[in-house]
Amino acid sequence: MRLPGDSPPPHAEEPSAGRGLEARNASSPLLEARAVTRSFGGGGGWFGAARPALVAVDRVSFALRPGETLGIVGESGSGKSTLARMLVGLLQPSAGAVALDGETLDLGRSGDRRRLQRRVQMVFQDPASAMNPRKTVGASVEAPMIGLKGWDAARRKARVAELFTRVGLAPGHAGRHPHEFSGGQLQRIGVARALAAEPAIVVLDEPVSALDVSVQAQVLALLRELRDGSGLSLVFVSHDLAVVEALCDRVMVMRRGRVVEEGACRTVLAAPREEYTCELVDAARRLAA
Amino acid sequence: MSVLARLLRQPFAVAGLALVLGFVALALAAPFLPLLDPNATEPANRLAAPGAAGHLLGTDQLGRDILARLIFGLRVSLAVGVAATLAAALVGGIIGLVAAFYGRWVDGALMRLVDVLMAFPYLLLALAVVAALGPGLTNAALAIAIVNVPFFARAVRGQALGIVRRDYVAAARLAGFSDLRILVSEVLPNVAPLLIVTAATTIGWMILETAGLSFLGLGAQPPQADLGSMLGDGRKVVAAAPHVAAAPGVVVFVLVVGLNLLGDGLRDALDPRMKGAETGVPQPATRVERGRAASGTLGHEASGALANSVLDVRALSTAFATPRGSFPAIRDVSFALRAGEALGIVGESGSGKSVTALSLARLAPTPPGTIVSGEVRIGGDDVLDLSLDALRRLRGDRIAYVFQDPLTTLNPLMRIDAQIVEAIRPGPGEGAKALRARARALMADVGLPDPGRIARAYPHELSGGQRQRVGVAMALANAPDVLIADEPTTALDATTQGRILELFARIRRERGAALIFVSHDVGVVAHLCDRIAVMYAGEIVEEGPARAVAERPLHPYAARLIACAPQLGQPDKPLAPIPGAPPAIDARPDGCAFAPRCDHAIDACRAGPIPLEDAGDDRRVRCIRWRELLGEAA
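Line order of the protein sequences matches chains B and H.
Numbering-wise (full-length UniProt numbering), the first sequence opens with residue 1 and increments by one.
Numbering-wise (full-length UniProt numbering), the second sequence opens with residue 1 and increments by one.
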């Protein structure tokens, strides 16, 4: 495991396919996890013996630089989704901290959560559950502009139209309700909502796992566009190595709450060093056509 | 708007609405109607019979006009019932929302408080409240409201608990919304239908409860009339003048019936869970109504009769009933399998791959499904002709299924060995001990570690991979000729998925059963199966040897599908998305279903149905341009 301030492992510095170089050199980390730990349950019961807590995320550290795309892979129960929720302040670490622009945040305080959420937004796994069925999708996309930016109605409307166009939907669709869209369209609207308040980082929690292959390709194409066309940093959580490889610069392999291996995505997935990563890569390769 | 339309489609609800509107109109209009003073006594004219001069419904023991008292009493009872309901809904709703939203100790404290309220019989609690506050209509209404708060609180909390875990609530938090704003704009609109339904179905009950308190003399105080106190007054003279009690009794009865009919109608119109109830009782086997649709025999000759096939499917079509009519979910599906052969059916959601798999043993749900044409031959018998008894013997014995999520197919309350034993058809004279031994053998066969421990375990105590192995063991229990696996590894992690696929490969080798493996993943299918059938919009668009189809697809859809899947080791693969979306079940084009999204479509593609054409090398393709496209690619 790497602590902030340590020099990065050698293959992390390898430039990937000639893009993002200038972003990479822009030095100081944007978002950091500093020995972040999260446990659930446990503690002493009123009756009977105390149960041991389940440690979902165990002292995980990493640093995300501007413009970088970090993949977090692991099987179910590896703690990757818990980690993602802590990165946006939806869950509080039991120990350790999340830092933004080098400053440690106290996610127990609403002011710090707000500061984090102005810069970091999230796209969720299940597009159907991520949109309020009783609100128009336009209203859902507008929400961060109201809550975080306080923009006036005219500016919000213009931004919604701009975002809808950007994710490949007609601006007129903003007035419709979620049930009028397919899963892939809803997921693109989810991306639009995450971008609404102009964040620097978007955390995506299994954003294409619930989608069909051809629809997944639509969302991946959009994410590749975002990665290449803006200075946005992405944290991409997935159990699908092929998808991560198609999108990410750097990858972090998690198992049982801990980081097993970390490094440049192509290097790690082509020549894994750790036994567990080998196992994952072998399993994925065997199934490839 | 559609809620009102749905409400007006139900005759009972319309009747209830008419009754309630009539009573409400009467109550509102009471001061303007030419009625006598309801409180004016006329001792000389007591207990006048209905129809007496000036008193349409007669008079009570003080000579007061019963009609006037009835209408003014109705006004009071309705007002009290509505007010109590609103108060209970408001307070109960807030308690339920706050408890669900904050959870932990807030939830615990609020719900224990509600439990305490519920622990008292409602009348006793209402009596206690009235005793503490003193008799009177306001206090009675308050008591009724308090008594009903738990009802609302629990209903709203139950619903809201599901909603606060939804990702859109998390998204609202990320949008910087305050807790109050999230409750009001995200959670409340989603529990509002339930709140309205609960209020509508409770209001009649509350009017009855208020009447009960007034009947006991704790509600409306003389001389004020409400329906309950009128009943109470009438009871004293019920032998001499039954009409005094009968009039308010009938009104209470009809009013409450009307309110309940309306409430039930509202529930059905607002509660989406009730919509499914219209579809009726599921049948044990898919209905077969062949001969209705004569289309759908296209290309089934192309498959020909396959020598020594264990499964031969010809021109199978299954239609689904929708509100806009009946539409085929699968059309003209033909394939054949030899013993030990594995066929992978690949497609995206809605392509009909699961409907195909389920139709083979008539397991596609009826309603809404009906098999409208085709044959499914297993060892000479047409499954679609079999009686229900014969079908039951066939299922499990000759054709067995493994489903996607064993957690939903295994019985959570039965131990694993008991479930496997249940799946085994006992041989003659085979006792419980022998069956258990066979179950152990099956478990060992599917690679379950430590069968002794797992045999005694419950499904939730196993991992996903172990549960799926149990599912496979049950499917293998009677050595079926055909094993059908419907996305059996989709819910599993990659490494577990690999092990389960190895299990299927081994079963096929060792047992020689034919395997149908349904999946959305071309890679997985090509890895495991001999042949692949690619489905799109309910039709097989390409079929052939697995390697050949995966590496050199002929149909444009199959080609695009394979091209847009990311592949490990090819990080710069373009992943060109397919524009547009598959057609809805009721909007399939007449010609090629893929034509609207296809780069190569020409007018001829849209002209009419495209047959599944023999393409040589044991391949079939449903495209009129495959030869040209093959030429272009070369």
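Using N, Cα and C, we set each Cβ at its ideal position, and we do this for glycine too.
Return the CA-CA distance between Arg258 (chain B) and Asp106 (chain B), expressed in angstroms with no decimal places. 22 Å
Quick one: grab the DSSP three-state call for Gln466 (chain H). helix
As assigned by DSSP and simplified to three states, the class of Leu31 (chain B): strand
So Gly96 (chain B) packs on Arg59 (chain B), CB below 8 Å; how close in whole Å? 7 Å
Taking only runs of the beta strand (DSSP E) that begin and end inside the segment 194–261 of chain B, which ones reach a length of at least 3 residues, in chain order? 201–205, 233–238, 250–255
From Tyr122 (chain H) to Gly96 (chain H), what does the alpha carbon distance come to, in whole angstroms? 20 Å
Would you say the beta carbon of Leu186 (chain B) is closer than 7 Å to some non-hydrogen atom of the ligand FAD? The ligand FAD is absent from the structure shown, which contains no ligands of any kind.
Check the Cβ-Cβ distances between Ala56 (chain B) and every residue of chain H, and say whether any is below 8 Å. no
Can you tell me whether DSSP reads Tyr458 (chain H) as helix, strand or coil? coil
Using 8 Å as the cut-off, can you tell me whether the segment 113–132 of chain B makes contact with the segment 177–193 of chain B, which would need three or more C-beta pairs spanning the two stretches below that distance? yes
So that I know if they touch, is there some Cβ in chain B lying closer than 8 Å to that of Gln567 (chain H)? yes
DSSP puts Glu180 (chain B) in a beta bridge; with which residues? Looking at the DSSP assignment, Glu180 (chain B) forms no beta bridge with any residue, so it has no partner.
Taking the Cβ atom as the reference point for each residue, do Ile345 (chain H) and Asp481 (chain H) lie within a distance shorter than 8 Å? no
So, is the C-beta of Gln122 (chain B) closer than 8 Å to a C-beta in chain H? Reading off the sequence shown, one finds Met at residue 122 (chain B), where the question assumed Gln. Yes, its Cβ sits closer than 8 Å to a Cβ of chain H.
Chain H within 8 Å of Glu274 (chain B), Cβ atoms only: no
Please name the residue, chosen from H:Ala269, H:Val355, H:Ala364, that lies closest to Pro282 (chain H) on a Cα-to-Cα basis. H:Ala364
Within the same chain, show all residues whose beta-carbon is closer than 8 Å to that of Ala294 (chain H), passing over the 5 residues directly before and after it, in chain order. Low per-residue confidence applies at Ala294 (chain H): pLDDT is 46, beneath 50, and the placement is therefore not dependable enough to give any value.
Inspect the beta-carbon positions of Ile484 (chain H) and Tyr401 (chain H) and report whether they are closer than 8 Å. yes
With a threshold of 16 other CB atoms inside 10 Å of the CB of Gly263 (chain H), please say whether the residue is buried or exposed. buried
Mind checking Trp626 (chain H): buried by the 16 CB within 10 Å criterion, or exposed? buried
Short of 6 Å in beta carbon distance, which residues of its chain neighbour Tyr276 (chain B), apart from the five on each side in sequence? Order them along the chain. Arg255, Val260
Would you decide whether Glu22 (chain B) is buried or exposed? Buried here means 16 or more other CB atoms lie within 10 Å of its CB. For Glu22 (chain B), the pLDDT reaches just 42, beneath the cut-off of 50, and the residue's location in the model is therefore unreliable, although a value from the coordinates is still provided. Exposed.
Applying the criterion that 16 or more other CB atoms from any shown protein chain within 10 Å of the CB defines a buried residue, is Gly18 (chain B) buried or exposed? Only weak support exists for where Gly18 (chain B) lies, its pLDDT of 40 falling under 50; the value from the coordinates is given anyway. With fewer than 16 Cβ atoms within 10 Å of its Cβ, Gly18 (chain B) is classed as exposed.
Got a sec: is the Cβ-Cβ distance from Ala277 (chain H) to anything in chain B below 8 Å? Here Ala277 (chain H) scores only 45 on pLDDT, less than 50, and its place in the model should not be relied on; the value that follows carries that caveat. Not an interface residue.
In the DSSP assignment, find the alpha helix (DSSP H) that holds Ile163 (chain H) and state where it starts and stops. 137–164
Which residues bound the beta strand (DSSP E) around Met145 (chain B)? No beta strand (DSSP E) contains Met145 (chain B), which DSSP labels as neither H nor E.
Going by other Cβ atoms of all chains shown within 10 Å of its Cβ, with 16 needed for buried, is Leu86 (chain H) buried or exposed? exposed
At a cut of 8 Å, does the segment 149–157 of chain B reach the segment 215–234 of chain B through at least three beta carbon pairs? no
Quick one: what does DSSP say Ala112 (chain B) is sitting in, helix, strand or coil? Going by the sequence as given, residue 112 (chain B) is Asp instead of Ala. Correct three-state label for Asp112 (chain B): helix.
Given 8 Å, three or more beta-carbon pairs between the segment 69–79 of chain H and the segment 174–182 of chain H: no
Does Ala559 (chain H) get closer than 8 Å to chain D when you measure Cβ to Cβ? The chain labelled as chain D is not found among the protein chains of the depicted structure, namely B and H.
One or two residues paired with Gln224 (chain H) in a DSSP bridge: DSSP, once it has assigned bridges, lists no residue as partnering Gln224 (chain H).
Determine the chain B residues that contact Val524 (chain H) at a beta-carbon separation under 7 Å, and present them in chain order. Leu287
Whole angstroms is fine: what's the gap from Leu133 (chain H)'s alpha carbon to Ala119 (chain H)'s? 21 Å
When you compare each of H:Gly429, H:Arg415, H:Val421, H:Leu448 to Ala437 (chain H) by their alpha carbons, which one comes out closest? H:Val421
At what residue ranges does the segment 585–621 of chain H contain a whole run of the alpha helix (DSSP H), taking only runs of 4 or more? 603–607
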